[in-house]
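For reference, the structure discussed in these notes is given below.
Chains as they are written, first to last, in the numbering used here: chain A, 3 to 416; chain B, 3 to 416.
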């Protein structure tokens, strides 16, 4: 595909106008929106207003007069629309890890009522390690023969056997970009009485997710990747309406109490999804997120999906064409229906190559041991930028400019 | 005390100059800094910079180039100085509730090794109910005959008996302002092998706290009250260096891993306090907090303590003098060494009276069932304001202007 064909793709891109909703530096090509989404316009002003006018002037009264109090549910309802969830089934709160702990614990306890004796918490080796750490923490606490069982990602469907109490499945693999079939795995799991907690970190805002339609029961996710909520933005959790009244959250805090301001000495869980709230929410972070979510009001996620797949194809084809001797392996080899919104390449010197790319203004990221990862965020990245990015990669490989000590030196976050 | 004597107190107040560090609306008297601290100058600009320059321009690179990654420990070290904790013994993370859950669970597990068979988690009825909810959530999860035992605040010293596994003690009672003796209770608890988690929500920034000197082992606290970190600011937790390597956090997440970017499938806790981190921190909230903490760089907390006590005495004396027939009971009756930084009055119509006060620009708050609560924040409240506040209260009581339907109507947050 030549440059004029690529320019035509951009010209005809139905999502083209959305780029204006973001503040993007001019000198970079940002292919890391799957790690930290770009800054939506309006966030800085809104946050300034929250700080100076709401906190600064209305002070404590803001909880009422500026509607801080209902914000976790309000933001949750906005996210719900993007992940195919019913209104009233999502709240924004805490981090993904903490939310996963809440729901996994709740799922294990439901299992104890429904299928006593099951002691396996299932996940796959393609899951984000953090989620495995959360499982390990809970298994260690519960004792009583609970165990984590890990299988290869492609084995997960067959591993949903009747000794499994609960499963934690991240829909899109952070390294490879493999996407699990949510509807199929959910159906298999429910058939065997297994509670699944879906991690949507690399799904929400990347493509249409249909939690309700898939029959999913539990989900968590972050909002700082494709949802552009800002660094460390509050995460969210989903519980199907059918189970909301049955679950007992382990992290029972005052924001999840049925009457927080009665200051009752006994915990009485709120009705519905709100019982999954715990402590005081991050009001500043949640305002940034709430404003960032306005981006999605007129976005068709199916178009986002289509463009992301076209970008992946374009990227892959250009690597083959422009870097034939680059030594890259294709990590993201899956058919379109089985991949997320990123393309990953393998290279033994992946770390240094990525640092050289970043130095040239192409921002992707590196994931150990050898993966160069490029996220596709169709709202603010053009096809022409994909072309330029691969041109720069090809130049780096052809000149060997990546092979310098400064690019091999590891920093804390890579 | 007459007005000119009060003006002299302000004139001679060694903390007087600190008020300039805050953005305060001119038309109110803010006596609710024990609920949400005032906005320090500099926070809005710093946050704007973090959003537009760091997130907006440096994007994902900010984790390295703008030092987001080490921030939880860096902020923790700044808080440590204010609560008498060793450097490297505090991290900023999550909410107070989540941190309390982490440390209480860790303490219970230490108990299982040290004193197997103990099943009581002790607290007192003056604790903030949220903390009791966290205990209840853990007890419910642990099963195995664990129980919460509640005693009256004045009974807590004698209730530290050898069947107690762990105790959760909030140093200052959010309703009455009673302050527990940290050194004495810690010594008694250690003598009986009991792990105590101190909640410092109403302590940090209100008076000198000496965790290390008291021999305290665990503590948590919020940063949005006397520390002025902003609404829902990240909380913190403390673990004595002696125990940091012994504890197993139940919420094991990637930020507490010894090598988060190795993406190891096995959780290996970081050395030291960092293992108590879990998910991705709230970067925006933590920057607001870090800037807010600059306020304390040249503050002597002993002077803060002295002024707060003088303000309480002044307030109490003026209520007696100006509202002799107001029908107020004195809730904060404790001697100076046993009180925090607030004064609470009881009144059967406390809610409506507080709403009338707020309507007149005196911001305190109401705590069920009948408490009017006034927080003393010596850095930005003057003695003259205390006088004016009580004058307004006296006028409201003398005219009966509080007794209107609009003041009786309850809102969500009170």
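All residues carry an ideal CB built from backbone N, CA and C; glycine is no exception. No experiment lies behind these values; they were computed from the predicted model shown.
Cβ contact check for the region 388-403 of chain B and the region 356-376 of chain B: 3 or more pairs under 8 Å
yes
On the DSSP bridge list, what partners appear for residue 199 of chain A?
Within the first chain, numbered from 1, the residue matching residue 199 of chain A stands at position 197. Residue 199 of chain A pairs with A:170, A:220.
Which bits of chain A does residue 247 of chain B rub up against, with CB to CB less than 7 Å?
Here residue 247 of chain B is taken as the residue at index 245 of the second chain, counted from 1. By Cβ distance, chain A contributes nothing, its closest Cβ being about 16 Å from residue 247 of chain B, past 7 Å.
Hey, is the region 127-143 of chain B in contact with the region 265-280 of chain B, meaning 3+ C-beta pairs nearer than 8 Å?
no
Identified DSSP bridge partners for residue 240 of chain B:
In the second chain, the residue the question calls residue 240 of chain B occupies position 238. Paired residues: B:92, B:221.
Should residue 188 of chain B go down as buried or exposed, given a rule of 16 or more other Cβ atoms within 10 Å for buried?
For the purposes of this step, residue 188 of chain B is taken as residue 186 along the second chain, with counting starting at 1. So residue 188 of chain B ends up on the buried side.
contact_flag[the region 335-347 of chain A, the region 179-199 of chain A] where n(CB pairs < 8 Å) is 3 or more:
yes
Between residue 379 of chain A and residue 238 of chain A, how many whole angstroms is the CB-CB distance? I'm expecting something under 8 Å.
The sequence position of residue 379 of chain A within the first chain is 377, counting from 1. The sequence position of residue 238 of chain A within the first chain is 236, counting from 1. That pair is no contact at about 19 Å.
Look at the alpha carbon of residue 263 of chain B and the alpha carbon of residue 316 of chain B, and state the distance between them as a whole number of angstroms.
Locating residue 263 of chain B in the second chain gives position 261, counting from the first residue. Locating residue 316 of chain B in the second chain gives position 314, counting from the first residue. For residue 263 of chain B and residue 316 of chain B, the distance between alpha carbons rounds to 56 Å.
Since residue 197 of chain A meets chain B, which of its residues come closer than 9 Å, beta carbon to beta carbon?
Within the first chain, residue 197 of chain A is the residue found at index 195, counting from 1. Within chain B, no residue comes near residue 197 of chain A; the closest Cβ sits about 16 Å away, beyond 9 Å.
Bounding residues of the alpha helix (DSSP H) (the contiguous stretch that carries residue 312 of chain A)
Residue numbering aside, residue 312 of chain A sits at position 310 when the first chain is read from its first letter. Here the alpha helix (DSSP H) through residue 312 of chain A covers 303-324.
Presumed contact (8 Å Cβ cut-off) between residue 230 of chain B and residue 27 of chain B, rounded CB distance:
Along the second chain, one-based indexing puts residue 230 of chain B at 228. Along the second chain, one-based indexing puts residue 27 of chain B at 25. About 15 Å separates the two Cβ atoms, so there is no contact after all.
Within 10 angstroms of its Cβ, does residue 36 of chain B collect 16 or more other Cβ (buried), or is it exposed?
Here residue 36 of chain B refers to the residue found at position 34 when the second chain is read from its first residue. That one is buried.
Can you tell me which of A:83, A:166, A:410, A:279 puts its alpha carbon nearest to the alpha carbon of residue 206 of chain A?
Here residue 206 of chain A refers to the residue found at position 204 when the first chain is read from its first residue. When each option's Cα is compared against that of residue 206 of chain A, the closest is A:83.
Alpha carbon of residue 171 of chain B to alpha carbon of residue 154 of chain A, nearest angstrom:
Within the second chain, the letter at position 169 stands for residue 171 of chain B. Within the first chain, the letter at position 152 stands for residue 154 of chain A. One C-alpha to the other measures close to 46 Å.
If we ignore side chains and look at the alpha-carbon of each, how far apart do residue 319 of chain B and residue 226 of chain A end up?
Translated into the one-based positions of the second chain, residue 319 of chain B becomes position 317. Translated into the one-based positions of the first chain, residue 226 of chain A becomes position 224. Going from the Cα of residue 319 of chain B to the Cα of residue 226 of chain A covers about 52 Å.
Would you say residue 155 of chain B faces chain A, with C-beta separation under 7 Å as the test?
Start at 1 with the first residue of the second chain, and residue 155 of chain B comes out as number 153. No, residue 155 of chain B does not count as interfacial toward chain A.
Reference residue 223 of chain A; option with closest CA among A:354, A:120, A:235, A:289
Mapped onto the first chain, residue 223 of chain A falls at position 221. Considering only alpha carbons, the answer is A:235.
To which residues of the same chain is residue 250 of chain A closer than 8 Å at the C-beta, ignoring the five residues directly before and after it?
By one-based count along the first chain, residue 250 of chain A stands at place 248. Result list for residue 250 of chain A: 108, 111, 271, in chain order.
Bounding residues of the beta strand (DSSP E) (the contiguous stretch that carries residue 344 of chain A):
Position 342 of the first chain holds residue 344 of chain A. Segment 344-348, the beta strand (DSSP E) holding residue 344 of chain A.
For the alpha helix (DSSP H) holding residue 51 of chain A, just list the boundary residues, first then last.
For the purposes of this step, residue 51 of chain A is identified with residue 49 of the first chain, where counting begins at 1. Looking at the DSSP string, the run of the alpha helix (DSSP H) that includes residue 51 of chain A is 45-51.
Straight-line Cα distance separating residue 58 of chain B from residue 414 of chain A
For the purposes of this step, residue 414 of chain A is taken as residue 412 along the first chain, with counting starting at 1. For the purposes of this step, residue 58 of chain B is taken as residue 56 along the second chain, with counting starting at 1. Model confidence at residue 414 of chain A stands at a pLDDT of 49, short of 50, so the residue's coordinates are unreliable and nothing is read from them.
Give the residues of chain A in contact with residue 252 of chain B, contact being defined as C-beta atoms less than 8 Å apart.
Along the second chain, read from residue 1 onward, the residue named residue 252 of chain B stands at position 250. Under the 8 Å cutoff, chain A gives 103, 139, 140, 142, 143.
Closer than 7 Å by beta-carbon distance: list the chain B residues that pair up with residue 280 of chain A, in chain order.
As a first step, residue 280 of chain A is located in the first chain; it is residue number 278 there, counting from the start. Simply 97, 99, 100.
Would you give the residue range spanned by the beta strand (DSSP E) that residue 374 of chain B belongs to?
Numbered from 1 along the second chain, position 372 holds the residue referred to as residue 374 of chain B. 373-377 is the span of the beta strand (DSSP E), which, as asked, contains residue 374 of chain B.
Buried or exposed, going by whether 16 or more other CB atoms sit within 10 Å of the CB of residue 175 of chain B?
Within the second chain, numbered from 1, the residue matching residue 175 of chain B stands at position 173. Buried.
Tell me whether the region 60-70 of chain B and the region 203-221 of chain B touch, counting them as touching only if at least three CB pairs, one residue from each stretch, are closer than 8 Å.
no
List the whole-angstrom C-beta distance separating residue 33 of chain A from residue 366 of chain A, where the pair is believed to meet the contact cut-off of C-beta under 8 Å.
As a position in the first chain, residue 33 of chain A is number 31, starting the count at 1. As a position in the first chain, residue 366 of chain A is number 364, starting the count at 1. With 8 Å as the limit, residue 33 of chain A and residue 366 of chain A qualify as a contact, their Cβ atoms being about 5 Å apart.
I need the DSSP call for residue 367 of chain A, collapsed to helix, strand or coil.
Locating residue 367 of chain A in the first chain gives position 365, where the first residue counts as 1. Taken through DSSP and simplified to helix, strand or coil, residue 367 of chain A comes out as strand.
Identified DSSP bridge partners for residue 181 of chain B:
The sequence position of residue 181 of chain B within the second chain is 179, counting from 1. In DSSP, residue 181 of chain B forms a bridge with B:174.
How should residue 89 of chain A be labelled, buried or exposed, when 16 other C-beta atoms within 10 angstroms of its C-beta is the threshold for buried?
Walking along the first chain from the start, residue 89 of chain A turns up at place 87. With fewer than 16 Cβ atoms within 10 Å of its Cβ, residue 89 of chain A is classed as exposed.
Quick one: give me the first and last residue of the alpha helix (DSSP H) that residue 124 of chain A is part of.
Taking the first residue of the first chain as position 1, residue 124 of chain A is located at position 122. First-last for residue 124 of chain A: 122-126, but that is the beta strand (DSSP E), not the alpha helix (DSSP H).
In the DSSP assignment, find the unbroken beta strand (DSSP E) run with residue 152 of chain B in it and report its ends.
To locate residue 152 of chain B, count along the second chain from 1; it is residue 150. Segment 149-153, the beta strand (DSSP E) holding residue 152 of chain B.
Other residues of its chain near residue 293 of chain B: CB distance less than 6 Å, five sequence neighbours each side excluded
As a working mapping, residue 293 of chain B is identified with position 291 in the second chain. Taken in chain order, the residues that qualify are 44, 45, 48.
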